[in-house]
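Peer 1: Just so you know, we're using the numbering used here here: the sequence shown kicks off at 7 and counts up by one. The structure under discussion is supplied below as structure tokens; questions concerning it will follow.
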Amino acid sequence: MSVIRILSPEIAALIAAGEVIERPASVVKELVENSLDAGADRIFISTSAGGMNSIVVSDNGKGIELEEVEVAFERHSTSKIYSESDLESIETLGFRGEALYSISSVSQVDVATRARGESKGVRISLDNQILISKSYAGIDYGTTISVSKLFENFPARRKFFKSESAEANRIYSLVQKFAICNPEIAFELNQDSSRPFRTSGSGDLTDVMGAIFGISEASKMLRISEDYDPNWEGTLVSGIIGNPSQRRSNRSRIFLFVNGRLVQSRTLSYAFEQAYKAFSSDNKFPVGAIMLRVPLDEVDVNVHPAKTEVRFENENQIFAAVQSSIRTTLLEYAPVHSVINYQRAERKYTEKSDPSTFWPTTLTSPGFEYDKNSNPSNVAGINTSIPYQEVLPLLRVLGQVSDTYIICEGPQGIYIIDQHAAHERIIYEQIVAD
7 MSVIRILSPE
17 IAALIAAGEV
27 IERPASVVKE
37 LVENSLDAGA
47 DRIFISTSAG
57 GMNSIVVSDN
67 GKGIELEEVE
77 VAFERHSTSK
87 IYSESDLESI
97 ETLGFRGEAL
107 YSISSVSQVD
117 VATRARGESK
127 GVRISLDNQI
137 LISKSYAGID
147 YGTTISVSKL
157 FENFPARRKF
167 FKSESAEANR
177 IYSLVQKFAI
187 CNPEIAFELN
197 QDSSRPFRTS
207 GSGDLTDVMG
217 AIFGISEASK
227 MLRISEDYDP
237 NWEGTLVSGI
247 IGNPSQRRSN
257 RSRIFLFVNG
267 RLVQSRTLSY
277 AFEQAYKAFS
287 SDNKFPVGAI
297 MLRVPLDEVD
307 VNVHPAKTEV
317 RFENENQIFA
327 AVQSSIRTTL
337 LEYAPVHSVI
347 NYQRAERKYT
357 EKSDPSTFWP
367 TTLTSPGFEY
377 DKNSNPSNVA
387 GINTSIPYQE
397 VLPLLRVLGQ
407 VSDTYIICEG
417 PQGIYIIDQH
427 AAHERIIYEQ
437 IVAD
């Protein structure tokens, strides 16, 4: 029979760290979030072997006070929250006080930091939570944290790492997402011999998308303006999305943010995808970034230690806000083609009307004219070939409006067809054919 016992602090620390730090990209995420919370406007990231050998994150934020550096690596130490009520209005990216503790529990950590107003900085080194060295130094304001030997004492976790290139790609994608959500911050990522990723920190979201997708593709993307709708009770949606022709075969380019936090949300993803359904019938997925601002007390970010999952108080309202904002943007972009250039003649219908008056004397269309009073003897020299008309692509009917217009979708966007004019055109074509 097994014996119930209390886990040793070392084992408990490893288990807890494993919930927060899953792989090298998790380390980068936690350190970059700390840099953002510290008010940095320049963040430098460097990795080796996909982060499995080393990770360095350096910023020009406010730094850590001399007397607080060691405390910062204790479990549940934080400067973000102080009371239970603070959990209902979390504004910072970090708040649990577990990131630095977890990282230092499963790696070797070297820290160099200098707080604003301090005459000197401090350097410390920890190996699996054990302080190895501490010294004071004249360094720049801000914080630099170097992480190495990640999960070296926890091989059960390390063996599940992917290849160096796969781990590097995760980090690359993660930093891109941080840059999208923070266009006013200059990011730089260097990974071995790979091409660096850089953003200028200009504050222009299009510049960031240009660094990710290329300037040409970014210029075709559509901005979602942050308009307030009283029906959404304080929820604001903004961002930048690809036009329908820029969709891709997977969801890897869907970026979601809530109150400045990178998140995963089925509700947001589904709303994003559903907004495009009226513009396409294939199985491709949209690209772009959605930034959602929600009252702090209406979203729970404390769902998981990794802080990537969120819960909304009103899922339906959030879904409607996101879907509506995207659809509105797409409708403003979608070209409405004039598919029938046909001038209807003025007609009056009465019970005693001559049946012949149901037809206009002259039917016109670009390049062709038909007069019912024309003399057949005069048509011998007329070119009877019908001028080329653009062939309408295969359309999918979406619905009907006021028994007057047929709404369709096609490869170039939304088509609005005047069904009465279309019917007259069909009759006209039959007359021409006869």
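For glycine and all other residues, C-beta sits at the position ideal for the given N, C-alpha and C. Small disclaimer: the values here were computed from a predicted structure and weren't measured.
Under a Cβ-count criterion, where at least 16 other Cβ atoms within 10 Å of its own Cβ denotes burial, should T410 be classed as buried or exposed?
Peer 2: As a working note, residue 410 is residue 404 in the sequence shown. T410 is exposed by the Cβ-count criterion.
Peer 1: Thinking just about the alpha-carbon of each residue, which of R257, N289, K283 is nearest to the one in R272?
Peer 2: Counting from 1 along the sequence shown, the entry for residue 272 is found at position 266. Nearest of R257, N289, K283 to R272, Cα basis: R257.
Peer 1: Given a threshold of 16 other Cβ atoms within 10 Å of its Cβ, counted over all protein chains shown, does P30 qualify as buried or as exposed?
Peer 2: The count along the sequence shown starts at 1 and reaches residue 30 at position 24. Buried, by the Cβ-count rule.
Peer 1: State the beta-bridge partners of A143 as determined by DSSP.
Peer 2: Within the sequence shown, numbered from 1, the residue matching residue 143 stands at position 137. A143 is bridged to G127.
Peer 1: Determine the contact status of F278 and V269, defining contact as a CB-CB distance below 8 Å.
Peer 2: By one-based count along the sequence shown, residue 278 stands at place 272. By one-based count along the sequence shown, residue 269 stands at place 263. Contact: no.
Peer 1: To the nearest angstrom, how far is it from the Cα of P240 to the Cα of N265?
Peer 2: Within the sequence shown, the letter at position 234 stands for residue 240. Within the sequence shown, the letter at position 259 stands for residue 265. Inspection of the sequence shows that residue 240 is occupied by Gly rather than by Pro. If I take the Cα positions, the gap works out to 12 Å.
Peer 1: Thinking C-alpha only, which one of A284, E338, G245, R333 is nearest R299?
Peer 2: Walking along the sequence shown from the start, residue 299 turns up at place 293. Looking at the Cα atoms, G245 is the closest of the given residues.
Peer 1: If you pair each beta-carbon of the segment 205-225 with each one of the segment 63-71, do three or more pairs fall below 8 Å?
Peer 2: Because the criterion of three Cβ pairs below 8 Å is not met, the segment 205-225 and the segment 63-71 do not touch.
Peer 1: For the beta strand (DSSP E) that K269 lies in, which residues bound it at each end?
Peer 2: Walking along the sequence shown from the start, residue 269 turns up at place 263. According to the sequence displayed, residue 269 carries Val and not Lys. It is not in any beta strand (DSSP E) - V269 carries neither H nor E in the DSSP assignment.
Peer 1: Touching or not, the segment 128-135 and the segment 41-57, by the rule of three or more beta carbon pairs under 8 Å?
Peer 2: The segment 128-135, when compared against the segment 41-57, does not touch it at the 8 Å Cβ threshold.
Peer 1: Does the separation of the CB atoms of V117 and I130 fall below 8 Å?
Peer 2: In the sequence shown, counting from the first residue as 1, residue 117 sits at position 111. In the sequence shown, counting from the first residue as 1, residue 130 sits at position 124. Going by C-beta atoms, V117 is nearer than 8 Å to I130.
Peer 1: Looking only at DSSP bridge pairs, what is V403 linked to?
Peer 2: Mapped onto the sequence shown, residue 403 falls at position 397. In DSSP, V403 forms a bridge with C414.
Peer 1: Residues in the same chain with beta-carbon distance under 7 Å from E321, minus the five sequence neighbours each way, listed in chain order, please.
Peer 2: If you number the sequence shown from 1, residue 321 lands on position 315. These residues qualify, in order along the chain: T273.
Peer 1: Is R253 near V293, with beta carbons less than 8 Å apart?
Peer 2: In the sequence shown, residue 253 corresponds to position 247, counting from 1. In the sequence shown, residue 293 corresponds to position 287, counting from 1. Yes, the Cβ-Cβ distance between R253 and V293 is below 8 Å.
Peer 1: Sort V33, I413, A18, R163 by Cα distance to R176 and report the nearest one.
Peer 2: For the purposes of this step, residue 176 is taken as residue 170 along the sequence shown, with counting starting at 1. Closest option to R176, Cα to Cα, is V33.
Peer 1: Write down the C-beta distance between S152 and A174 rounded to the nearest angstrom, noting that I regard them as a contact closer than 8 Å.
Peer 2: Here residue 152 corresponds to residue number 146 of the sequence shown, with the count starting at 1. Here residue 174 corresponds to residue number 168 of the sequence shown, with the count starting at 1. Between A174 and S152 the Cβ distance is about 17 Å, and since that is not below 8 Å, they are no contact.
Peer 1: Hey, how far is the Cα of N289 from the Cα of S251?
Peer 2: As a position in the sequence shown, residue 289 is number 283, starting the count at 1. As a position in the sequence shown, residue 251 is number 245, starting the count at 1. When rounded, the distance between both Cα atoms is 13 Å.
Peer 1: Where does Q280 sit, in a helix, a strand or coil, going by DSSP?
Peer 2: Translated into positions along the sequence shown, residue 280 becomes position 274. Q280: helix per DSSP, three-state reduction.
Peer 1: What's the gap between the Cα of V128 and the Cα of E104?
Peer 2: Counting from one through the sequence shown, the residue named residue 128 turns up at place 122. Counting from one through the sequence shown, the residue named residue 104 turns up at place 98. Distance between the alpha carbons of V128 and E104: 22 Å.
Peer 1: Applying the 10 Å Cβ sphere with the 16-neighbour rule, what's the burial state of R317?
Peer 2: The count along the sequence shown starts at 1 and reaches residue 317 at position 311. So R317 ends up on the exposed side.
Peer 1: Cβ atoms of I420 and I412: under 8 Å apart, would you say?
Peer 2: Locating residue 412 in the sequence shown gives position 406, counting from the first residue. Locating residue 420 in the sequence shown gives position 414, counting from the first residue. No, these two residues do not count as a Cβ contact at 8 Å.
Peer 1: Following the continuous beta strand (DSSP E) through V117, name the residue where it begins and the one where it ends.
Peer 2: Stepping through the sequence shown from its first residue, residue 117 is reached at position 111. Looking at the DSSP string, the run of the beta strand (DSSP E) that includes V117 is 114-120.
Peer 1: So, for F50: in the same chain, excluding its five sequence neighbours on each side, which residues have a beta-carbon less than 7 Å away from its beta-carbon?
Peer 2: Position 44 of the sequence shown holds residue 50. Cβ within range, chain order: S64, E194.
Peer 1: For H426, which residues of its own chain have a beta-carbon under 6 Å away from its beta-carbon, when the five flanking residues on both sides are left out?
Peer 2: If you number the sequence shown from 1, residue 426 lands on position 420. So the list is empty, once near-sequence residues are dropped.
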